[in-house]
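Just add 496 to the spot in the sequence shown (first one is 1) and you have the numbering used here. Glycine is no exception: its CB is placed at the ideal position from the N, C-alpha and C atoms. Each remark here refers to the structure printed beneath this line.
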Amino acid sequence: MVLSVENLSKSFGKNKVFSDISFSVNQGEIVCIRGKSGEGKTTLLRCLTGLEDADKGSIKINGMYLCKEENGHIKYTQKTELSAIRQEIGLVFQSFNLFPHMNVMENLTEAPIFLKKDPVETIKKRAEVLLNRLELEGKENSYPFQLSGGQKQRVAIARACMLNPSVLCFDEPTSALDEQTRAQISKIIKDLASQGIAIIIVTHDNSFVEEIAQRIITMKDGAITID
Ligand SMILES: Nc1ncnc2c1ncn2[C@@H]1O[C@H](COP(=O)(O)OP(=O)(O)O)[C@@H](O)[C@H]1O
Ligand SMILES: [Mg+2]
């Protein structure tokens, strides 16, 4: 199993968003997390990807603990290991969060160049491969404002794939899409899963869940049920 979450809890002040959530995801599996607006879906994704600290519980990604419960306290991993763990889990934001002042190629290569993972030429080559695979060839020099919603989303997916994550999370991937682009995103997600990437999709779009989910987790009143 590539992701395992145990007894995870998160509050904002007095607002308990979720308590004691546990679930796991296998390699290449597509899991949907659904729930009404405000149930804590985005907060859960932000905790899984290390953008938000949980209050309690543990998150294990690819054998490494992002955080762990020790003597009744949550302990986050050291900074050096944190970077390695966060590279294993990518997030495609609901609003894509592309850097508006960077073109497509720069959006893809910024983080890997910063992390000095590989020589710049190797990183650029990898970006080209991903852009081709996501049908974005020729868009390298375009800026986000010059792209359609579906294209921006695919750039965001390509960017999230640049560091070769084991897990890829999507926050409401169909919220800004028309029918045709929806079919395209569904195919892309299935392709990524078939390459072995574990997929977590947060959505309140029940028809998309029916179409794509291999397992469904429902968030309600701070707890989850798994079908
Ligand atoms: N940064 C934050 N500070 C305080 N409260 C927050 C923050 N982010 C989310 N919340 C609250 O947490 C709850 C869950 O929000 P969210 O995770 O965005 O839900 P969903 O994505 O399911 O619509 C809401 O009550 C929201 O107001
Ligand atoms: Mg949300």
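Asked                                                                                                                                                   : Found
Is there at least one non-hydrogen atom of ligand 1 closer than 8 Å to the beta-carbon of Lys-724?                                                      : Here the chain covers residues 497 to 723 and nothing more, so residue 724 does not appear.
DSSP three-state call for Ser-518: helix, strand or coil?                                                                                               : strand
Could you check whether the Cβ of Thr-539 sits closer than 8 Å to any heavy atom belonging to ligand 1?                                                 : yes
For the beta strand (DSSP E) holding Ser-554, just list the boundary residues, first then last.                                                         : 552-557
Could you tell me the distance, in whole angstroms, from the CA atom of Leu-659 to the CA atom of Glu-584?                                              : 8 Å
To the nearest angstrom, report how far apart Ile-681 and Ser-690 are at their CA atoms.                                                                : 14 Å
Looking only at C-alpha atoms, which of Gly-553, Leu-578, Ile-557 and Thr-573 sits nearest to Asn-567?                                                  : Gly-553
State the Cα-Cα distance for the pair Ala-719 and Phe-514, rounded to the nearest angstrom.                                                             : 6 Å
Does the distance from the CB of Lys-571 to the CB of Glu-565 come in under 9 Å?                                                                        : yes
Nearest to Leu-688 by CA position, among Glu-668, Ala-656 and Thr-670, is which residue?                                                                : Ala-656
So, at 6 Å on beta carbons, what are the nonlocal neighbours of Leu-643 in its own chain, with the 5 sequence-adjacent residues on each side left out?  : none
Who are the near neighbours of Met-598 in its chain, counting only those whose CB is closer than 7 Å to its CB and skipping five residues on each side? : Glu-606
Are there any heavy atoms of ligand 1 lying less than 8 Å away from the beta-carbon of Val-513, as far as the coordinates show?                         : yes
Does the Cβ-Cβ distance between Thr-699 and Arg-542 come in under 9 Å?                                                                                  : no
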